[in-house]
Structures are given as structure tokens and as C-alpha cells.
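Going down the list, the sequences are from chains W and B.
Counting with the working numbering, you get residues 235 to 481 for the letters of the first sequence.
Counting with the working numbering, you get residues 166 to 622 for the letters of the second sequence.
All C-beta atoms in this analysis are idealised placements derived from N, C-alpha and C, irrespective of residue type, glycine included.
For reference, the structure is listed below as C-alpha cells.
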Amino acid sequence: MYFLDDYSGIFVRYDLKRERGEAKAVAVEDEALQQVIQCVVDGDTDNIGEVVRKALETKDPMEVINALVKGMNEVSRLWDEGVYYLPQAILSSDAMLEGIEICEEKMGKAMEKKGVIITHTAEGDIHDLGQKIVNALLRANGYEVIDLGKDVPVDEVVAAVKQYKPAMLTGTALMTTTMTAFERISKRLTREGISLPFVCGGGAVSEEYVTSFDLGIWGKDASQAPLMAADAVSGKDWRQLREKWNG
Amino acid sequence: MARYTSMAYQSADEMVFGTAKYPVKYGRDFEVGGGLVYPELVPHPRPGSEETKKSLVREYEKMVNDVLERCVQLGFPGIQVELEHVYQMTRNPDWGGEIAAATKRLMDDYYQKYGLKSAIRATIADYRKPDEENMRDSDALKNILATFEASAAAGADNLSIESMGGKEITDYAIVRQDIRGVLFGIGVLGSRDVEFLWKKIVEIANKYGVTPGGDTDCSQANVAMFMAGGYLDKSVPHTFAAICRAIAAARTLVAYEQGAKGPTKDCGYEDPIIKAIAGIPISMEGKTCACAHSDLLGNLVAAVCDLWSNEAVEYHDMFGGTTAAVFTEILGYDVALMNTAIKMGKAKDLRDMMINSDKYRDTHGFILSPDNAYEIGKAIVSNAESYYSRARAAAIKAAELMRGDSKLLLSDFEKEVLESTYKALLSLPDKEEDFIAECIPVYQKQVKGFKPSNYGL
Numbered sequence: 235m236y237f238l239d240d241y242s243g244i245f246v247r248y249d250l251k252r253e254r255g256e257a258k259a260v261a262v263e264d265e266a267l268q269q270v271i272q273c274v275v276d277g278d279t280d281n282i283g284e285v286v287r288k289a290l291e292t293k294d295p296m297e298v299i300n301a302l303v304k305g306m307n308e309v310s311r312l313w314d315e316g317v318y319y320l321p322q323a324i325l326s327s328d329a330m331l332e333g334i335e336i337c338e339e340k341m342g343k344a345m346e347k348k349g350v351i352i353t354h355t356a357e358g359d360i361h362d363l364g365q366k367i368v369n370a371l372l373r374a375n376g377y378e379v380i381d382l383g384k385d386v387p388v389d390e391v392v393a394a395v396k397q398y399k400p401a402m403l404t405g406t407a408l409m410t411t412t413m414t415a416f417e418r419i420s421k422r423l424t425r426e427g428i429s430l431p432f433v434c435g436g437g438a439v440s441e442e443y444v445t446s447f448d449l450g451i452w453g454k455d456a457s458q459a460p461l462m463a464a465d466a467v468s469g470k471d472w473r474q475l476r477e478k479w480n481g
Numbered sequence: 166m167a168r169y170t171s172m173a174y175q176s177a178d179e180m181v182f183g184t185a186k187y188p189v190k191y192g193r194d195f196e197v198g199g200g201l202v203y204p205e206l207v208p209h210p211r212p213g214s215e216e217t218k219k220s221l222v223r224e225y226e227k228m229v230n231d232v233l234e235r236c237v238q239l240g241f242p243g244i245q246v247e248l249e250h251v252y253q254m255t256r257n258p259d260w261g262g263e264i265a266a267a268t269k270r271l272m273d274d275y276y277q278k279y280g281l282k283s284a285i286r287a288t289i290a291d292y293r294k295p296d297e298e299n300m301r302d303s304d305a306l307k308n309i310l311a312t313f314e315a316s317a318a319a320g321a322d323n324l325s326i327e328s329m330g331g332k333e334i335t336d337y338a339i340v341r342q343d344i345r346g347v348l349f350g351i352g353v354l355g356s357r358d359v360e361f362l363w364k365k366i367v368e369i370a371n372k373y374g375v376t377p378g379g380d381t382d383c384s385q386a387n388v389a390m391f392m393a394g395g396y397l398d399k400s401v402p403h404t405f406a407a408i409c410r411a412i413a414a415a416r417t418l419v420a421y422e423q424g425a426k427g428p429t430k431d432c433g434y435e436d437p438i439i440k441a442i443a444g445i446p447i448s449m450e451g452k453t454c455a456c457a458h459s460d461l462l463g464n465l466v467a468a469v470c471d472l473w474s475n476e477a478v479e480y481h482d483m484f485g486g487t488t489a490a491v492f493t494e495i496l497g498y499d500v501a502l503m504n505t506a507i508k509m510g511k512a513k514d515l516r517d518m519m520i521n522s523d524k525y526r527d528t529h530g531f532i533l534s535p536d537n538a539y540e541i542g543k544a545i546v547s548n549a550e551s552y553y554s555r556a557r558a559a560a561i562k563a564a565e566l567m568r569g570d571s572k573l574l575l576s577d578f579e580k581e582v583l584e585s586t587y588k589a590l591l592s593l594p595d596k597e598e599d600f601i602a603e604c605i606p607v608y609q610k611q612v613k614g615f616k617p618s619n620y621g622l
């Protein structure tokens, strides 16, 4: 086999030209809380339990939760700036959620969530990784996620919306022949007088298709989900979300 | 059980497009790996056409006819059409069967009228849910097997699948950069599931006298590759995705150990490694699958292919005709160039041009460059004690190749991931039983619905 010595002019490695930022945990005065923050920033799921329990010896659970959230905010910044990859964000989310669970046990009640979001993967589609990422990011941002799972029949999605009355519904699909379930869901909900933002995304799902039916908002990327949820919880309707995020 | 312990080729340089050590013949005078490359066109129905059996069959008839007509219009010698099942075709075995029968009627007609060589690959949809049902005894499995039978009986020449075993673990592991989980999901659970499934598929193929084609780790290694994406994406590190691919080769190989004959599935990017080991013909997709997804190895993956595919193109109109016809034309001319190189005695020159185009563009092209694919293949056959040992050996070899070639440029972050993943691989147990014992409690706790019994564990 013959190999070149010089590949210039054949391709350019643009990725190597990007500057890399630095991961730094927010500095707080309390050492125990600093460790909690650092654990979240590092995505250290092995040690988060121990660190949170230690902090709870002297701190109020809500103080510890605030530290966990501070850590996650830093992770969001690092991800937005391209310093962190998705795995770092997911591991940090795992660490934060584990920490919150321990705090909630101590409080004897669940912390107040920002709102309820239902997620599902379309009927006929078992590729739910995108949905799982959306779930993790929504939970990490303080939302209660009702995860209906994959290959979910239209009837079940409609029934869940009636039962849980979420601020937002999401749907994930890989194939164009499964995404047609989204339109059926939209029609059913609309017919029954239910109006809410229905964010659809994944694989071959296009903006053109999703914005062709009522309620539909196209989600380009999983990372948009918490921001869209914030809009939905703040009272923006599906038309306002579509205007902001699509087109 | 049968495991490859030697390489089909003496060296990587022996491998070239169009020729496989063990060619296969089926369909209408169709031979794959026998000295020429053929196009493999995969048409995808428009949304809405799947609503009824009648509308879907009609959609396929139109798509296949467009493909065959364009071949004849431009003088292409032969083509394979892949009927890659949308789930409606597998959930309703008669739908898949009827579409195969309609495709066969059209192909027979073009063969009789014009002598166009052709074949049908039916790829049945694996819609088992590993974390929700019994993978070895579920309604989904019964339907899948019934659809294999219906498709074979109706005229499919080649039976293939993109199997899902281990995906519940791998999905969890890929997005956490957990190489142990990937090895467990793909290398151990995936391999065991392929073994289970392919015993049954080969049995059905033999019953109907059709060719058991191949499998692909599309549901796992391709997830890692697609999430890694291009240079600007930040979802999965590219070095990590490349190591997932090497592990996938050890898994996909199991189908051929169970009796699959090839050609492999086009979306099995691990196929150059499979060809180096098993000598069977392979189908590949690269630049001509940009209609379905983007990758960073558009030319390189054609270097040792025997079928050249477009992955999947949704049926629509374009200025140049329907998408099915247009992509047939693109594939047909690509293949004509490769076959011209073969006839002119320049095949290895063209192969090397394809390789040089992409080898250092990204990590995936790097490890699938035939020279490196061959080395990964050697690591697999030299560590045949267990599915785990060979998958781990493939991963370690891929990491070593990336670490050891100064022409492969990596960002600091990618270097860190490569080093930490390599270190993690070296620290894992040597024996499969120890590895399984370590993994089961960890992933039973972390992955909801994971059932070891799905994999005979």
C-alpha cells in the first residue's frame, strides 16, 4: 500500500484549531460544599454519595442542593463553551441527581420541581437514546420527567398527557415512517381541546414536517430541551415556542 | 463453538475492492466478490405510505422499478436492491413477504427483457426491546422469524438483520464514555445475541435455499460514530467511537461463524475487519450515503468493498428523476470506475487513492484503513478464547494503533480520552467469567430492565 507524507490540500483538521477552555468549579467558602460542587463538575459518581452525606452533617439539605445545582450550572457553561463533551455532562447529571436523592431522603420529601415534562419515543421506534439524553438533561435542570419509554402507542401518549397535565410533551423518532405518529398525537390532543408545546426531534425528523401540524415544535438537538421546557413552564404557548425556536 | 483463529488473507495488501476470498452467488446471475463491484440501492418509503399494506407495496413497486429502469437506461450490468424493513413490514410478516414478491416480479421481468443481473436483500427489522421483554422468547422474536420465512418464501435472495442485543447497556455506556460497559454490551452481550439469532436465521435460509447474508452493529457502534459526528460536534469523543467500532468487529463476526455467507450489511463499518478475517464479500457505504447521514470516511470505506451502497434514500422527486433513480446513477458510476480500474490492472492504485483520501481525516477512517483493519483482525483471531477476550483485544489494538501513529493528529481532549480509555482497557480482567461477574451487578443496578437471562447468563 502506498501512503502520502503530506495530506495538505486533501483535508483540513479544523477541530485542532479550536482553543480549549478550562474546567473550574465555582469557588465557595465552605469546604464541604466546595467538595460537593467539585464532585458534580468532575462527574464523580463514585464519591458524590460520601461527599453529600458529609456536607449534610453540618448543612441544611437545601444548602447542599444549591451547591449541587451550582456545580451543574458550571457544567452547563463548560458544555456550552465546548470544553465538555456530552459524556461529561451526563456523568455530572448522574452525580447531581444522586446527590439530590440523598438530600431529599434527609428532608423527607422531594424538592420542588420546575414543572412536569412527558417524554416518549414514537410508536414502532425502539431507538430511544435521544430520549434518554433529553430525560437526563431535563432532570438535571430540575424538571420532573414522566418517561413513557419507547415504541409508545398514540393512545398511551394522549392518556398520559390527560393524566399528568405536563407543561410540555416531547417525542423522539429515528425514521420518517415512525414520526408520523407525532401528527396523530397532535390531532388527537387538538380534537380533545388540549393545547401544549409538543417538541419533536431525532434522526430524520425535519423542521418542515414538525411545523406542518398544530402543537409541533422541532427540536434540533437534545441540549435545547431544558431551554424549551423553561419557556413552556413560563407560560409560553406552542405558537410562541415555534416562533422562537423554529423558522 | 466455531471461532475464527486465522486470517483469510496473508496481508492487508491482498485485499481490494471487487474480489473476496469466498464470493457468493444468488439472485439472477448475481455474484458478489467474484471480480466486480455492484451497486446496492436501498430505497426508503415516504412518510404516510406505510399506512396500509396496499400503499406500501405500491410505493416499493414504484421505487424498485425506478432503480431497475435507470440501470437499463445507463447500461449498468447489475444491482442489488435492499428491502430494509420499516417496522410495519416486520410486524406484519405478510407485508414484508408481499414486497419481496413484488420486487422479485420486477427483477425477473428486467432480467428476461434485458438480462439485467439483480438480487434482493431483505433486512428484517429487529424490534425486540432488550430492557422490556424476553429477547429469546417474545412475540417480537416470533414475528421477526416469521418475517424471515415470509421474505425467503416470497423471493428474497439474501437475509440480513441489524441485531439489537446489548444495546440497553451500550446506550448507557456510550453517553458516559464507559468503555467497560461498551465491551460488555457489544463484545459480550451483543456477541451472545448474534450467536442465538443467527443459528435461527441460517436455519431459515437453508430451508428456503437462500443466502444468509450478514449482521451489523448499526445499533451500537454506529450510534457512537454518528454521535461523534464531524469536527465541530461535542457529543462523543472520536477516539472513543473508533474503539467502539473495533469492539463491534468481534461481535459482527459471530454471524459468519454461525453460517452467514455475506455480503455483509452496508452499514457495518466494521466490515473491512470482517473481510480480512473471514474472506467473505462486504457491502459498504460512504460518500453515497450522504443522503442518509454524514461521515468522515466517504472514500476510504470503498477500498475493499464488493457492493457499494447508499444506505437509504427516501423516495422523492429531484430534477434528475426520483431519488431512487438518481442514487442508482451515482452508485452505478462509482462502481463503473472501480470496475474499470480492475480491468485496467489499476485496482490497487485506485484503492490506495481512496485510502489516502481519508485515512488521517478522522479516527474511524484511520482504524478502518485496510492496513489497520487487518491488524485489528489479527488481534481478534489471536485472542479467540472468548467473545470478551477478542473484543477487548480488538479495542486495545485500535487504541495502540491510534497512539502509535504520529500522522494521526488529535486534539488534547481526544488524546486524554484515548489514554484514559486505553488505561481502562488494560485494567480489565483477562478472563471472560471474571469480567461478566464484575459487570452483571454493576449494570443491573445502573441500567433499568437489564436482564442477564436475555443472553443466557
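Kindly list, in the order they appear in chain W, the residues whose Cβ is closer than 8 Å to that of residue i.
i	result
B/Pro212	Thr410, Thr411, Met413, Thr414 and Tyr443
B/Arg301	The contacting residues do not exist; B/Arg301 stays about 17 Å from chain W at best.
B/Asp336	Asp362, Leu363 and Lys366
B/Lys399	Trp313, Gly316, Tyr318, Tyr319 and Leu320
B/Glu215	Thr411 and Thr414
B/Gln253	Gly358 and Thr411
Following the continuous beta strand (DSSP E) through residue i, name the residue where it begins and the one where it ends.
i	result
W/His354	Val350 to Thr355
W/Asp381	Glu378 to Asp381
B/Arg286	Lys282 to Ile289
B/Gly203	A small correction: the amino acid at residue 203 of chain B is Tyr; Gly does not occupy that position in the sequence shown. That run of the beta strand (DSSP E) goes Tyr203 to Leu206.
B/Lys245	The question names Lys, yet the displayed sequence has Gln at residue 245 of chain B. Gly243 to Glu249 is the extent of the beta strand (DSSP E) around B/Gln245.
B/Tyr187	Thr184 to Tyr191
B/Leu472	Leu472 to Ser474
B/Ile326	Asn323 to Ile326
B/Glu298	Segment: none, B/Glu298 is in no beta strand (DSSP E) and carries neither H nor E.
Measuring CA to CA, which of the options is closest to residue i?
i	options	result
B/Asp517	B/Pro535, B/Lys508 and B/Tyr169	B/Pro535
W/Asp471	W/Lys384, W/Val433 and W/Ser457	W/Val433
B/Thr376	B/Phe615, B/Tyr174, B/Pro188 and B/Ala407	B/Pro188
B/Leu583	B/Lys572, B/Pro594, B/Leu566 and B/Asp595	B/Leu566
B/Ala284	B/Val340, B/Gly378, B/Asp343 and B/Thr335	B/Gly378
B/Ile369	B/Ala185, B/Asp431 and B/Glu314	B/Glu314
B/Leu574	B/Ala558, B/Val347 and B/His529	B/His529
W/Gln458	W/Gly469, W/Val439 and W/Ile367	W/Ile367
B/Glu216	W/Met413, W/Glu477 and W/Leu461	W/Met413
I need the boundaries of the alpha helix (DSSP H) containing residue i, first residue and last residue.
i	result
W/Thr406	Not the alpha helix (DSSP H): W/Thr406 falls in the beta strand (DSSP E), residues Met402 to Thr406.
B/Met390	Val388 to Ala393
W/Gly333	Leu320 to Met341
W/Phe447	Counting along the chain, W/Phe447 falls outside any alpha helix (DSSP H), and DSSP gives it neither H nor E.
B/Gly199	Note, B/Gly199: premise wrong, no alpha helix (DSSP H); beta strand (DSSP E) at Phe195 to Gly199.
B/Cys409	His403 to Glu422
W/Met345	Taken as a continuous stretch (DSSP letters only), W/Met345 belongs to no alpha helix (DSSP H), as it is neither H nor E.
W/Val433	Premise fails: W/Val433 lies in the beta strand (DSSP E), Phe432 to Gly435, not in any alpha helix (DSSP H).
B/Ser554	Tyr552 to Gly569
Residues of chain B with a CB under 7 Å from the CB of residue i: which are they?
i	result
W/Arg311	Ordered by position in chain B, no residue passes the 7 Å Cβ test against W/Arg311, which lies about 13 Å from the chain.
W/Leu250	Leu574 and Ser576
Closer than 7 Å by C-beta to residue i: which residues in its own chain qualify, once you throw out the five before and the five after it? Chain order, please.
i	result
B/Ser303	Arg293
B/Arg416	Ile351, Gly352, Gly355, Ser356, Val359, Asp382 and Ala556
W/Asp385	Thr355, Glu357, Gly358, Asp359 and Ile360
B/Ile442	Tyr169, Met172, Ala173, Leu418, Gly542, Ile545 and Val546
W/Val379	Ile351, Thr353, Asn369, Leu372 and Arg373
Could you name the residues of the same chain whose beta carbon sits closer than 6 Å to that of residue i, not counting the 5 residues immediately before and after it, in chain order?
i	result
B/Thr312	Thr255, Pro258, Gly261 and Ile289
B/Ala406	Ala389, Met390 and Ala393
B/Tyr106	Nothing about residue 106 of chain B can be read from this structure; chain B reaches only from 166 to 622.
Could you pull out every residue in the same chain whose Cβ sits closer than 8 Å to the Cβ of residue i, ignoring the five residues on either side in sequence?
i	result
B/Pro210	Leu221, Glu224, Tyr225, Met228, Val251, Glu479 and Tyr480
W/Val395	Ile352, Leu403, Leu423, Ile428 and Leu430
Can you name the residues of chain B whose CB is closer than 8 Å to the CB of residue i?
i	result
W/Arg476	Within chain B, no residue comes near W/Arg476; the closest Cβ sits about 20 Å away, beyond 8 Å.
W/Leu325	Arg341 and Gln342
W/Lys485	Since the first residue shown for chain W is 235 and the last is 481, residue 485 of chain W is missing from the structure and cannot be characterised.
Who are the neighbours of residue i on chain W, taking C-beta pairs under 7 Å?
i	result
B/Ser522	Ile244
B/Asp517	Met235 and Tyr236
B/Gln175	The contacting residues do not exist; B/Gln175 stays about 14 Å from chain W at best.
B/Arg526	Phe245
Would you call the stretch 261–270 of chain B and the stretch 309–327 of chain B in contact, with 3 or more CB pairs under 8 Å? yes
Tell me, please, whether the stretch 462–476 of chain B touches the stretch 360–373 of chain B by the rule of three or more beta-carbon pairs shorter than 8 Å. no
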